[in-house]
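See below for the structure under consideration.
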Amino acid sequence: MGILSTIYAHWLALAIVSFGLYSLQTCVVYFRLRKIKGPWLTGISDWPHSLAMLSTRCHEWYAEANQKFGECECFKTFMIQRRSSADTPSSISGPIVRVAPNIVITSSPKVWAHVNTHPGYRRSPWFYRACRLGYRQENVFSCTDEELHSRKRKQMVAGLTIVGSQYSGRENLEMEISIDDQVRELVDLLRSKYISTQEAIVPVDLAQKVHYFTLDVITSIGHGNTFGLLRTDIDSEDYLKSSHDGLKLFNASLALGFSWLAHAPVIGPLISPSRTDKRGIGKIMDMCFSHVDKRLANPDDKRSDMLASFIRHGLKGEELRIESVEQLVAGTDTTSAGLRGALLHIITNPRVYRKLQEEADGAVRGGTVPKAGEGIITSTQAKRLPYLQAVVRETLRVWPPVADIFPRDVPQGGDTVEVESGESVHLPGGVGIGYSAHAMHRNEEIYGSDAKSFRPERWFESDTAKLTAMLRTNDLTFGHGRFQCLGKVVAHMELGKLLFEIVRNFDIALIDPTKPWKARNYMGLFVISDMWVQVMEREEQVDG
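With the working numbering as the guide, the letters of the sequence shown map in order to residues 465 to 1008.
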C-alpha cells in the first residue's frame, strides 16, 4: 500500500516526467530523419503507417507517398537548387520518403539493390518476426539471423535449382510434369463445367479456380500429392479460408503493434498458431505437419519433390515441418496473385489477348509447341515465345504479386546511399528501409510516360541502355542477392504455362467490368476474390 500511496500522491509529477521522456524520445527519433519528408505525422507517430496496413491497400499508400514526397516537385526543386547553389538544402527527399518515425521507403532500384547486397543490412525484426508461423519458430522468410538464414537457403535451394536460364531438375525430377498435370486439370475443369455459349452464360470465379491451381501445384511439387481441389472443384477443408483468416490476423496484429505477444514467454504459446487450431494458419500447420510426419515415418519413400530434397539436405524435425508450411503459404498466395493479375490485364486488353493468341497459333503452325489436347507447352518452349514473356514481365511490373516494403535495418554507424540522379543520402544506423513496389515498377523515368499502363510492347525497346535498366528493375520483383525469392523458377513456370494454355483454349470476358475483383493486401500478400468471368470455347487457328 505504501508504494501505491506514493504513486497516487505524486501522480501529476510522474505524469509530467513520463510525458517529458516520451517527448524527448520522439524528438530524438524525429530529428534523426528530419531531412527526409513523408506524409503528415509520420515523423512522430506510427499511426499513419498502421492505418495504411489496416486499410488493406498499403501498397497504394506507399506509392502515393513516394510520388508526392519523393519523386515530384520537392526533389526536382532540390536538383535545380543543387545545380545553381553550393548551399545544402534544409530537406532532402529524392526517391526516399519517411512512412514512420524510424522507417523510410525507396522507389530507387539502385538504392534497393544496394540495400540487398551491401554487408551489414539485415531484416528488420519488427516485420519479419511477425511472419513466424509458430511460437518462436523461424522459417526461411522470417529469419533475421544471417547465419541461420544462409544455412536454411542452402538446404532448400537445391530443390528449386536453375542452371543458366533452365530448370535443372537435379533434385525435384517431376516438377514440370506436376505443374503440367495441374494446368491440364484447370483447363479440363473450365471446359467441363464452366463453358458459356451465346445461349447461356455460366459465371465462374476465376480467382478461386486459379487459387485451387496454385494450391494443387505447391502440394504436388512440395509434398508429392495434391489437395485435389481442381479435381473435386471444392475446398471441403477450407484451406483457402484458413490461410486468409491467418493472414488477416497477422496483418492486424502487426499494424496494431501486438505481434510480439505471439512470441512472448507464457502468453506466446497460448496465442501463437498451433496444429490443434480448427481454423487459420494452425489448420494449415496440421495438414503440413501430417504430410511431413508420414514421410519421415517411411524412409524408403522414393518420391522426388521439394520435401524429399529438404530432408536430403539436412532439414529435420520441427524445422522441416515449419518450412513445409511456409512454402505452402508463400508459394500459393504469391503465384496466384501474379496469375490473376496477368489474366485480368489480358482480359481487359483485347489487343494483348489477340496478339497472345496469334503468337500461340503461329507456334502451333510452326510445330514448336504441341497442338491443344496433345500436350502442355514446356517451360523451354514458353521461354521462346517473346510476346508471352513480355506479358509475364509486364504483369510482374504493373501488378507485383507481393507488395510489402520488406524492411532492412541500416548497419550501425549508418550508410550513405546514392540514387539514380547521383545525389547521396545518409541513413542513420538502425533505421528501417524498405521499398515501394508500385512506385518503383511504375516509375516513368525508367518505363516511360505510360508506366501506369499495361503495354507488353515496351519490352521490345530498341534503346539498349533503357531496356537494360527496365530489365534490371523488373528483376527486383523477386528480391535481390541473398534475399532473392526461392520460388522464382516455379512462379515463372506456372505463369508461362497457364497463360499460354488459357489464351489458346478460351476466350474470356468479365461479367461486370465495373467490378473486376476484390483485392486486399495482408502482409504484402494479396487475397483476391470475386473475379467473375464468362469462358467461351475457342478453336485453335492452326491453318495458315
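Positions of the beta carbon are idealized from the N, C-alpha and C atoms, including for glycine. Source: prediction; values computed, not measured.
- Between V651 and E958, the C-beta gap is not smaller than 9 Å, which leaves the two residues out of contact.
- Under the three-state reduction of DSSP output, H890 falls in the strand class.
- Annotation: N603 to S482 spans about 38 Å, alpha carbon to alpha carbon.
- By the Cβ criterion, the region 514 to 523 is in contact with the region 704 to 721, since at least three pairs of Cβ atoms, one from each stretch, lie closer than 8 Å.
- With 16 or more neighbouring CB atoms inside 10 Å of its own CB, E858 falls in the buried class.
- Secondary structure at W590: helix, using DSSP grouped into helix, strand and coil.
- Ranked by Cα distance from M749, the options G710, W724 and D769 are led by G710.
- Contact between the region 881 to 900 and the region 978 to 994 is absent: fewer than three C-beta pairs spanning the two stretches fall below 8 Å.
- A straight-line Cα-Cα distance of about 47 Å links E909 and E701.
- Note that the C-beta distance between L704 and F677 is not below 9 Å.
- R968 and N689 have their C-alpha atoms roughly 28 Å apart.
- Straight-line measurement puts the Cα of M904 at about 9 Å from the Cα of N938.
- In the DSSP assignment, Q998 forms a beta bridge with A973.
- Assignment of Y851 by DSSP, reduced to helix, strand and coil, places it in the helix class.
- Counting of Cβ neighbours within 10 angstroms places A794 among the buried residues, the total reaching 16 or more.
- Proximity of the region 808 to 820 to the region 772 to 785 falls short of the contact definition, fewer than three beta-carbon pairs being nearer than 8 Å.
- G598 carries a strand assignment under DSSP once its states are collapsed to helix, strand and coil.
- Between S606 and R596, the CB-CB gap stays under 9 Å.
- Taking 9 Å as the cut-off, the Cβ atoms of L860 and L963 do not count as close.
- When secondary structure is reduced to three states using DSSP, G898 falls in the strand class.
- With contact defined as three or more Cβ pairs closer than 8 Å, the region 928 to 938 and the region 821 to 835 are not in contact.
- In the three-state reduction of the DSSP assignment, K766 falls in the coil class, being assigned neither a helical nor a strand state.
- With fewer than 16 other Cβ atoms from the protein chains shown falling within 10 Å of its own Cβ, G839 counts as exposed.
- Per DSSP, A983 is not a residue of any alpha helix (DSSP H); the beta strand (DSSP E) it occupies stretches across K982 to Y986.
- A buried status is given to S707, since no fewer than 16 other beta-carbon atoms sit within 10 Å of its beta-carbon.
- D879: member of the beta strand (DSSP E) spanning D879 to E882, first to last residue.
- With 16 or more other Cβ atoms from the protein chains shown falling within 10 Å of its own Cβ, V681 counts as buried.
- With at least 16 other beta carbons inside 10 angstroms of its own, K819 counts as buried.
- Selection G744, D764, Y599 and A955 evaluated against P733 yields Y599 as nearest (Cα-Cα).
- About 5 Å separates the CB atoms of T570 and Y899; that is less than 8 Å, so the two are in contact.
- Residue nearest to G584 within the set A564, E611 and R562 is E611 (criterion: CA-CA distance).
- For F990, the enclosing beta strand (DSSP E) has its first and last residue at L989 to S993.
- A direct Cα-Cα distance of roughly 26 Å separates R804 from M751.
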